[in-house]
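Written out below as structure tokens is the structure these notes cover.
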Amino acid sequence: GRFSQQRYEQALRAQGMTPFTFEPTFRRALLIAQVRDGIATSAFATPREVEQFIRLLEQRRDLFYMKIPLSRYDARAKIDVAEVQTYYEQHKDRFMRPEEVALSYLDLDVGRIMRTIPVDEPALRNLYGQEAQRFVTPAERRVRHLLILVPKGADRKVVARARARAGKLLAEIRHGASFAKLAKEYSQDPGSAAKGGDLGFFAQGTMAPAFGKAVFAIKKVGEVVGPVRTSFGFHVIQLEAVRPAREIPFSKVKSELATEYRKRKAEDRYYNLVNRLTNLTYEHPNTLELAAKRLGLKVRRSGLFSRKGGRGIAARPKVVRAAFSPDVLGGNNSDPLELSPMRTVVIRVHEHKPAALKPLKEVRTEIERGLREAYAKEQARKLVQAILGKLHSGKSPGAVAKAERLELKRVRSATRRDASVDGAILRAAFTLGRPKQGRGRYTQIALVSGDYAVVGVTGVLDGDPEALPKKKRIEDRRVLARVYGQGEFLAFLSDLKRHAKIEIEQRQLNEP
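Last residue of the sequence shown: 528 in this note's numbering, with the numbers rising by one and none dropped.
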């Protein structure tokens, strides 16, 4: 294949880039990668370090855990009215209703305008005539070819031999030999040789320039030409069939033309309406009704939303910023806000609710739930400390669990990747030190559910490097070297930052 500048630029445009913006960025990325990879890939791990790594990575542990669910304290929590009132008074900042606005707005959308544009057949036929070139299927030709390859950089002798060989085959075909048979036997194009050199139908401009020029210069079907030189080598070409250019009938493209006609008219009307909307809402800043009446628009309404945004147009940050701007909160229309290349809105505040404290009756249930949860957590933490105290004093996990009416779970020979154990419990167990003199190691954790757990380790068995397959040991060595390399690069980066002079443009960071 060959590099296509056109395809390259098309691919960049599809990503919103140009060669001018992409290539400097790519060069910088390559330079950064060169430094990063140069440091990261130079790290290595010694055999002793790999053995220690495997012993830790493949380590197995005997562990136990008991969960303390918060639900066991639900019925015990007694929340009185005074407690709720006190909490409400002391935490009013948590129960503030945010400032909210509801909007009136005019929405100019080219899609909505399109649906109002009438279409008649004379207008569509006129557009069909103006765009006639678009509605023609280009002429196509079907050929067979036979290729004798010429390697890149070949000397004159190699080129001459290839030309002579192609010329000899051309002569044989002109003397009655089967083109398809010779192509199957001698063509060096792997894509078409098995099909007797058949390339099917194609339009002008889709093949290599010299090849396409030769094909579309052939006068009649059955004629054979060559040898034709391209960057691939020498071709012998036979024209098999001609498919002339065909006009696509009006009936086939009528729907497409109607859409295009409406789109063009709608865009013209849209730009005109935007200009008029801008002037009318500026000249009459206290109302949208006048602009709506003169432009034939409907005044729309949004629901209430806060500075965090809401639904519909309130989901647009640009709209939210404008809605809470001093000018719009002060009762004026906004400037026109372009939500997309063909959609513009003008907004004004229809309803404004300042920030306010929610009444106690509205948040009572929330407060009671929070107080119950706080009580349950406090009681659970006390129980956790009592359990840890008993374990450290030498009592067995089984006896402690029985005394506290908790379920004891034991896991023998657990690995770091044991899927049968909660990940948080497993991580806690593998961060504990080794048991000493027959005494286990214990800790506590808070689970994602909000419950608590006491975790203990009673035995540790290191991994055996010799028991691993050689392939796995090599893989672990690479993993460890990669970890070292990443660490060294981060240390290098940290050192660069420490000695570099870094300026932060705060003004640009604050720009919307």
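For every residue, glycine included, the Cβ atom is placed at its ideal position computed from N, Cα and C.
In this text the structure is predicted, and so the values were computed from the model without any measurement.
Shortest alpha-carbon distance to residue 183 belongs to which of 301, 208 and 243? 243
Report yes or no: do the segment 391–400 and the segment 448–457 share at least 3 C-beta pairs separated by less than 8 Å? no
Check whether the Cβ atoms of residue 360 and residue 124 lie closer than 8 Å to each other. yes
Do residue 507 and residue 60 have their beta-carbon atoms positioned less than 8 Å apart in this structure? no
Label residue 132 either buried or exposed according to how many other C-beta atoms from any shown protein chain fall within 10 Å of its C-beta, with 16 as the threshold for buried. exposed
Spell out whether any CB of chain D is found under 8 Å from the CB atom of residue 447. Absent from the structure is chain D; it holds one protein chain and no more.
Sorted by chain position, which residues of the same chain lie with C-beta nearer than 7 Å to residue 200's C-beta, five sequence neighbours on each side aside? 209, 210 and 212
Please state whether DSSP places residue 464 in a helix, a strand or coil. coil
For residue 176 and residue 245, what's the separation of their Cα atoms in angstroms? 11 Å
Nearest candidate by alpha-carbon position, reference residue 158, set 215, 350 and 351: 215
Apply the 10 Å Cβ neighbour rule to residue 77 and answer buried if 16 or more other Cβ atoms are within range, or exposed otherwise. buried
Of all the alpha helix (DSSP H) runs that stay within the bounds of the segment 414–478, which reach a length of 4 or more residues? 439–447
In the structure shown, what three-state DSSP assignment does residue 516 receive? coil
Residue 107, buried or exposed, once every other Cβ within 10 Å from all chains shown has been counted against 16: exposed
Quick one: grab the DSSP three-state call for residue 372. strand
C-beta contact flag for residue 349 and residue 304 at 8 Å: yes
Which same chain residues, not among the five before or five after residue 232, have their C-beta less than 7 Å away from its C-beta? 157 and 220
Secondary structure of residue 261, DSSP reduced to three states: coil
Hey, residue 473 and residue 400: beta-carbon distance below 8 Å or not? no
Assigned exposure category for residue 251 - 16 Cβ within 10 Å defines buried: buried
Can you have a look at residue 516 and say buried or exposed, based on whether 16 or more other CB atoms are within 10 angstroms of its CB? exposed
Please go through the same chain and pick out, in chain order, the residues whose beta-carbon is closer than 7 Å to the beta-carbon of residue 404, but skip the five residues on each side of it. 458, 460 and 470
Confirm, please, whether the CB-CB distance from residue 120 to residue 323 is below 8 Å. no
Close Cβ partners of residue 481 (< 6 Å) along its chain, the five nearest in sequence each way excluded: 67 and 70
Are at least three pairs of beta-carbons, each pair with one atom in the segment 138–152 and one in the segment 268–279, less than 8 Å apart? yes
Put residue 115 into one of helix, strand or coil per three-state DSSP. coil
Would you report the Cα separation of residue 64 and residue 46, rounded to the nearest angstrom? 35 Å
Is the beta carbon of residue 256 less than 8 Å from the beta carbon of residue 237? yes
Considering just the uninterrupted stretch of the beta strand (DSSP E) at residue 145, what are its terminal residues? No beta strand (DSSP E) contains residue 145, which is instead part of the alpha helix (DSSP H) from 137–146.
With burial defined as no fewer than 16 other Cβ atoms inside 10 Å of the residue's Cβ, what is the status of residue 57: buried or exposed? exposed
Return helix, strand or coil for residue 208, following the three-state DSSP convention. coil
What span of residues does the beta strand (DSSP E) with residue 555 cover, start to end? It is not possible to answer for residue 555, since the shown part of the chain is limited to 17 through 528.
Runs of 3 residues minimum, wholly inside the segment 224–303: which ones carry the beta strand (DSSP E) assignment? 240–245 and 249–259
Is it true that the CB of residue 217 sits closer than 8 Å to the CB of residue 278? no
Stretch pair the segment 337–356 + the segment 284–300: three plus CB contacts closer than 8 Å: yes
Output the boundary residues of the alpha helix (DSSP H) element that contains residue 150. First-last for residue 150: undefined, no H or E at that position.
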